[in-house]
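Here the structure is laid out as structure tokens; the discussion comes afterwards.
2 protein chains.
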Amino acid sequence: MDYQLYYWPTIQGRGEFVRLVLEEAGARYRDVARETGKGAGVAALIRFLNGRNIERPPFAPPFLEAGKLVIGQTANILQFLGARHSLAPKHEGGRLWTHELQLTMADLLVEIHDTHHPVAAGLYYEDQKKEARRRAADFLKHRLPKFLGYFEQVLAKSARGENYLAGMRLTYADLSMFQIVAGLNYAFPCAMAKAARKCRRVFALHGRVQERPRIAAYLASPRRIPFNDEGIFRHYAELDAG
Amino acid sequence: MDYQLYYWPTIQGRGEFVRLVLEEAGARYRDVARETGKGAGVAALIRFLNGRNIERPPFAPPFLEAGKLVIGQTANILQFLGARHSLAPKHEGGRLWTHELQLTMADLLVEIHDTHHPVAAGLYYEDQKKEARRRAADFLKHRLPKFLGYFEQVLAKSARGENYLAGMRLTYADLSMFQIVAGLNYAFPCAMAKAARKCRRVFALHGRVQERPRIAAYLASPRRIPFNDEGIFRHYAELDAG
Chain A
114 MDYQLYYWPT IQGRGEFVRL VLEEAGARYR DVARETGKGA GVAALIRFLN GRNIERPPFA
174 PPFLEAGKLV IGQTANILQF LGARHSLAPK HEGGRLWTHE LQLTMADLLV EIHDTHHPVA
234 AGLYYEDQKK EARRRAADFL KHRLPKFLGY FEQVLAKSAR GENYLAGMRL TYADLSMFQI
294 VAGLNYAFPC AMAKAARKCR RVFALHGRVQ ERPRIAAYLA SPRRIPFNDE GIFRHYAELD
354 AG
Chain B
114 MDYQLYYWPT IQGRGEFVRL VLEEAGARYR DVARETGKGA GVAALIRFLN GRNIERPPFA
174 PPFLEAGKLV IGQTANILQF LGARHSLAPK HEGGRLWTHE LQLTMADLLV EIHDTHHPVA
234 AGLYYEDQKK EARRRAADFL KHRLPKFLGY FEQVLAKSAR GENYLAGMRL TYADLSMFQI
294 VAGLNYAFPC AMAKAARKCR RVFALHGRVQ ERPRIAAYLA SPRRIPFNDE GIFRHYAELD
354 AG
């Protein structure tokens, strides 16, 4: 195996951004916490977080073992894998730009999560429903159009044919954009139906990534965990303004 | 000039993490939005955000011009500057680790911001005071100890003498850790007085960075904008549980 991925076994969450890159790269990897047996399962993940005998303990999943390296933070893992598997530009300007786009998506992801957990990640949704309504309404009215409009503008500017966010070739940022649109479609179908009209390029990119052979095969496989209401993208009808 | 930094002129905000690196590196830079005259001021910053005639428009400040490059996203800028100015390890494992730490601090920073703006960044604090109380209480009880405890553990593990987060040499992550402790001390003096007892290494690191000649000179200069209640770190006594 080339890689061991550690992430919570029942949700797509942030781990999914790593899985998509590993799948598109055709890398051999174990999804450790989803396996059973010795040295696997959630216990193996927790052992890393406890940090004993680990030189560089990650703060939270996902993290990736690659030989002797243990790499945490989603965008950091993607930057590492992107360089190794030709899923990022080689020249400095393109590399920095791809990572910048990824970090902007990471910001968006936090805001998506906080629509259903504006008060505390450790509390149930039911304990912050009222606050969630306020936050989700603001998110859908102001933040979502701003973010999607930004990525639409980036794709429109891509002088070389609008194919991908950072130019003519697929990068890890495109895989993440796919995942964010997929997740938003699940969580906020009404709001996204509206957004689709204004952000045709973003939605077209989602479609192009979805049809890539390795991604299509992955999405159809049991390795793809279905969206559910424990992850970052949750569908609560009362939060989705039509 | 080597660099042009673009950030809002009246707050430390995320721009401060870049300023600290530029100052420690002894780099020549312009803080464009704080200057007046043609091609300066906030108007110059807005022009970049509007994205016309800019190949790779940033989503938000701070962003940095370095020759022909325009680099956005704080952690991305720091990674770039760290490599250029020997404020990051040269080997892959150390580089990844430093960036991982930085991204964990970026996560913490969002949570700090959201203590006073849990509903919407676009609304006034006064319009979300009740929600802020709930969020801040949870943050101080659960999240702050978890984050500071993590960095304390990282410093304790640093086999080579506990001097800096990523080993014996100062990196951009240490400068950011300094800024986060400084900001938290301003925003939550009661909670931080408690935390100081449990996280001695983190606070000692803050002290060591503060005393570095270039940082000390910077902090004493008018280039350092004082903390105020428009930035990320705000002092609202009602949010600071003693």
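So the sequences go chain by chain: A and B. So for the first sequence, our numbering puts the first residue at 114; every next one is plus one. So for the second sequence, our numbering puts the first residue at 114; every next one is plus one. Even for Gly, the Cβ is constructed at its ideal location relative to N, Cα and C. In this text, all values refer to a predicted model and were calculated from it rather than measured experimentally.
Any C-beta of chain D under 8 Å from that of residue i
i, result
"N276(B)", "Of the protein chains in the structure, A and B, none is chain D."
C-beta neighbour in chain A for residue i, strict 8 Å
i, result
"W121(B)", "no"
"L182(B)", "yes"
"N298(B)", "no"
"E136(B)", "no"
Local Cβ density within 10 Å of residue i, reported as buried at 16 or more and exposed below that
i, result
"C303(B)", "exposed"
"H319(A)", "buried"
"Y237(B)", "exposed"
"Q323(B)", "exposed"
"H229(A)", "buried"
"I159(B)", "exposed"
"P335(B)", "exposed"
"R208(B)", "buried"
"P339(B)", "exposed"
"T217(B)", "buried"
"R132(B)", "buried"
"P326(B)", "exposed"
"A156(A)", "exposed"
"E351(B)", "exposed"
"A300(A)", "buried"
"G90(B)", "The question about residue 90(B) has no answer here: the residues shown for chain B are numbered 114 through 355."
"M114(A)", "exposed"
"E244(B)", "buried"
Proximity winner among the options, relative to residue i (alpha-carbon distances)
i, options, result
"E136(A)", "L236(A), L194(A), G126(A) and V183(A)", "L194(A)"
"R347(B)", "G126(B), M114(B) and L118(B)", "G126(B)"
"H255(B)", "A156(A), L222(A), A234(A) and D144(A)", "A234(A)"
"D227(B)", "L209(B), R248(B) and R208(B)", "R248(B)"
"A146(A)", "Q117(A), F260(A) and G262(A)", "Q117(A)"
"L288(B)", "G206(B), I328(B) and Q186(B)", "I328(B)"
"E343(A)", "V183(A), D115(A) and P122(A)", "P122(A)"
"A317(A)", "A295(A), A138(A) and P326(A)", "A295(A)"
"K181(B)", "F172(B), I167(B), A173(B) and L191(B)", "I167(B)"
"A138(A)", "G185(A), Y331(A) and D353(A)", "Y331(A)"
"D353(B)", "A308(B), R313(B), T284(B) and A333(B)", "A308(B)"
"Y285(B)", "D144(B), I345(B), F161(B) and A201(B)", "A201(B)"
"M305(A)", "Y119(A), L257(A), Y277(A) and Q241(A)", "L257(A)"
"G185(A)", "A269(A), Y299(A) and Y120(A)", "Y120(A)"
"K311(A)", "L268(A), I190(A) and Q241(A)", "L268(A)"
"L162(B)", "K242(B), F172(B) and E178(B)", "F172(B)"
"F252(A)", "Q292(A), L297(A), R337(A) and A279(A)", "L297(A)"
"F130(B)", "Q266(B), I345(B) and Y349(B)", "I345(B)"
"A219(A)", "V183(A), H204(A) and I190(A)", "I190(A)"
"R165(B)", "S271(A), R282(A), L283(A) and Y299(A)", "S271(A)"
"I363(B)", "P174(B), M114(B), V183(B) and A279(B)", "Residue 363(B) is absent from the structure shown; chain B starts at 114 and stops at 355."
"L221(B)", "L261(B), W210(B) and F176(B)", "L261(B)"
"W210(A)", "K203(B), P231(B) and L177(B)", "L177(B)"
"H357(A)", "A279(A), T149(A) and Q266(A)", "Outside the modelled stretch of chain A, which goes from 114 to 355, sits residue 357(A), for which no answer is possible."
Chain B contact residues for residue i, given Cβ-Cβ distances below 7 Å
i, result
"Y263(A)", "F172"
Cross-chain neighbours of residue i in chain B, by beta carbon under 9 Å
i, result
"D251(A)", "V232, A233, A234, G235 and L236"
"K270(A)", "G164, I167, E168, R169 and P170"
CB contact check: residue i to chain B, cutoff 8 Å
i, result
"Q266(A)", "yes"
"R247(A)", "yes"
"E148(A)", "no"
"E351(A)", "no"
"E343(A)", "no"
"E244(A)", "yes"
Neighbour list for residue i in chain B, Cβ cutoff strictly below 8 Å
i, result
"V223(A)", "D220 and V223"
"H255(A)", "A233 and G235"
Under 8 Å from the C-beta of residue i: neighbouring residues of chain A
i, result
"Q186(B)", "H212, E213, L216 and T217"
"N189(B)", "L209, H212, E213 and L216"
Chain A contact residues for residue i, given Cβ-Cβ distances below 7 Å
i, result
"F193(B)", "L209"
beta-carbon residue i near the ligand HEM non-hydrogen atom, thresh 7 Å
i, result
"R165(A)", "You won't find the ligand HEM in this model; it holds no ligand whatsoever."
Determine which residues of the region 198-212 of chain B have a Cβ less than 7 Å from any Cβ of chain A, and write them out in chain order. G206, L209, W210 and H212
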